[in-house]
Structure formats: structure tokens, C-alpha cells
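Below you'll find the structure, written out as C-alpha cells, and then a few comments.
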Amino acid sequence: MYFIGEIPNPKCKVSLYKWNNKYFVKFETADLEQTFKISETEVSGESEVRELITEEFVDKVVKRFEDMYGDLHNALNPY
């Protein structure tokens, strides 16, 4: 996997990779990560991938992280 670079964001770490004809956009917190795979045929290049990472998109990712943390907490503390 080839690391392209980071996409600056104050809410979580966002990294961009390329491998096997796909772009990988990885969002990370201290304990969790989410990865979106985007085929090269779906975008015109790296700049278009970066344009997809809007504030609205990141807000949805952050909400999903909150849900994931809740799921993990519930799994670790079932009672």
C-alpha cells in the first residue's frame, strides 16, 4: 500500500493511500478506524478523492465513531 498523504482535519486523523487500483481513505481515532475504498474508475484522481472529504462527510464519520465507541463499551460492559 502506497501512502499518499494526510488530509488535515481537526476531528480525526485522515490518511490517503493507493493500492491495487483503489484509493483508501482511512479515518482514525486513538482506538478505532474506518476505511473507505474508492476505485480509480470512480474518480478522476487524487484531487477528486480529497474533494469528497467534506465537512459533512467527516461529521458522519465522527458520528459513526461515536456509535462504534458505544458498541464497544456495551460489549465490554454487558451488565
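In this note's numbering, the protein residues as written are 115 to 193. Glycine included, each C-beta is placed from N, C-alpha and C at the ideal position.
I'd like to check one pair, residue j with residue i: are the Cβ atoms closer than 8 Å?
{"i": "Val139", "j": "Val163", "result": "yes"}
{"i": "Cys126", "j": "Thr143", "result": "yes"}
{"i": "Glu160", "j": "Ile121", "result": "no"}
{"i": "Asn135", "j": "Glu156", "result": "no"}
Between the C-alpha atoms of residue i and residue j, what's the straight-line distance to the nearest angstrom?
{"i": "Val172", "j": "Phe179", "result": "10 Å"}
{"i": "Tyr131", "j": "Lys151", "result": "9 Å"}
{"i": "Tyr193", "j": "Pro124", "result": "34 Å"}
{"i": "Val176", "j": "Thr168", "result": "12 Å"}
Using a 10 Å radius around the Cβ and a threshold of 16 neighbouring Cβ atoms, would you call residue i buried or exposed?
{"i": "Phe141", "result": "buried"}
{"i": "Leu190", "result": "exposed"}
{"i": "Leu186", "result": "exposed"}
{"i": "Tyr183", "result": "exposed"}
{"i": "Tyr116", "result": "exposed"}
In three-state terms, what does DSSP make of residue i?
{"i": "Lys177", "result": "helix"}
Contiguous beta strand (DSSP E) assignments of at least 3 residues, all confined to the stretch 147-173: Runs found: 147-153.
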